[in-house]
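If you count the sequence shown from 1, position 88 lands on 88 in full-length UniProt numbering, and the numbers rise without skipping.
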Amino acid sequence: MSQNFKHYSQYYDLLYKDKDYQSETDYLTFLISSYLPTAKNIIELGSGTGKHAKLLAEKGYEVLGLERSSEMVEIANRTVNEGVSFKIADVSNFEQEQSFDVALSIFHVISYLTENEDLINTFNQVKKHLNTDGLFIFDVWHSPAVHAQIPEKRVKRLKNSDVEIIRYATPVIDAERNIVEVNYLIEARNLHNGQISTVEEKHPMRHFGKPEIELLAYATGFKLLHCEEFLSKVPPSDETWGVCYVLRKK
Ligand SMILES: C[S@@+](CC[C@H](N)C(=O)[O-])C[C@H]1O[C@@H](n2cnc3c(N)ncnc32)[C@H](O)[C@@H]1O
């Protein structure tokens, strides 16, 4: 099983502290109420540290988060929130007795599925666990933007009261497989004792064009209802890094 997020997890919430989970959750709720206003329960695939799931539960949905990294699940479980629970599972082969109105997979989780077999298995599992007319909503890296913008090395610096980190992200492009392998190096300085530690992880990310998602949806029993840039709602273009897809179980 992939080890990515094993060490990255300890810095995850700091790395994304400026990510607006509240606005993203409002956006997701807007999509759900537009396409399935009767929805009551949600399965979230790749729920990470549980931010969307907890905010969705505050809005009245019952949420189950599935997440491969036990470290991420441990962080998600540090607070107990009514109406939400988290389980360690791989999205390509999970089994639940319950079925759901909506499946969500947010912040490029589907892009972590780089192999066709894992993608097909995941879509099949989602279909199996959705109620009639259920929705599958996810966002992925968009091939036209990856080709137009060509990922470059990036450096991000962050700090809280305990630690100061520098994250170097070095992409390696595998053009034949529609994959960008992002090599992360995190240098962390403990602000209490000055100790420096490093973490290295490879995150292979697959990007997709709309016809590819349409084909995947068709082959696994979904209908593509809509796609747009995640959050901004503008039509996808070569400037759109993350495209949100809304599928309905056929
Ligand atoms: C970028 S994070 C997004 C986490 C969360 N959805 C968020 O918005 O903060 C991607 C997450 O997907 C999880 N993930 C990737 N592949 C997975 C798989 N096959 N099964 C379950 N979780 C997976 C990773 O462990 C990681 O927590």
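The C-beta atom is built at its ideal place from N, Cα and C for all residues, glycine as well. Every value quoted in this text rests on a predicted model; they were computed, and no experiment measured them.
Cutoff 8 Å; reference Cys227; Cβ partners in own chain excluding five residues on either side: So the qualifying residues of the chain are Lys210, Ile213, Pro236, Val243, Cys244, Tyr245 and Val246.
Residue of Phe94, Tyr168 and Val73 minimising C-alpha distance to Asn183: Tyr168
Close beta carbons around Val146, own chain, < 6 Å, minus the five adjacent residues each side: His207
The segment 94-111 contacting the segment 34-51, beta-carbon criterion three pairs below 8 Å: yes
Under the three-state DSSP convention, the category Val109 falls into: coil
Distance between beta carbons of Phe230 and Phe123, contact taken as under 8 Å: Incorrect: roughly 19 Å between the Cβ atoms, too far for contact.
Three-state secondary structure (DSSP) of Ile120: helix
Helix, strand or coil at His129 [DSSP, three-state]: helix
Distance cut-off 6 Å: Arg206 Cβ against heavy atoms of ligand 1: no
The segment 104-115 touching the segment 149-164, judged by at least three CB pairs closer than 8 Å: no
Sequence-distant residues of its chain with Cβ nearer than 8 Å to Tyr12 (five each side left out): Phe5, Gly48, Thr49, Met72 and Ile75
Residues of its chain near Asp18, where Cβ-Cβ distance is below 8 Å and the 5 sequence neighbours each way are ignored: none
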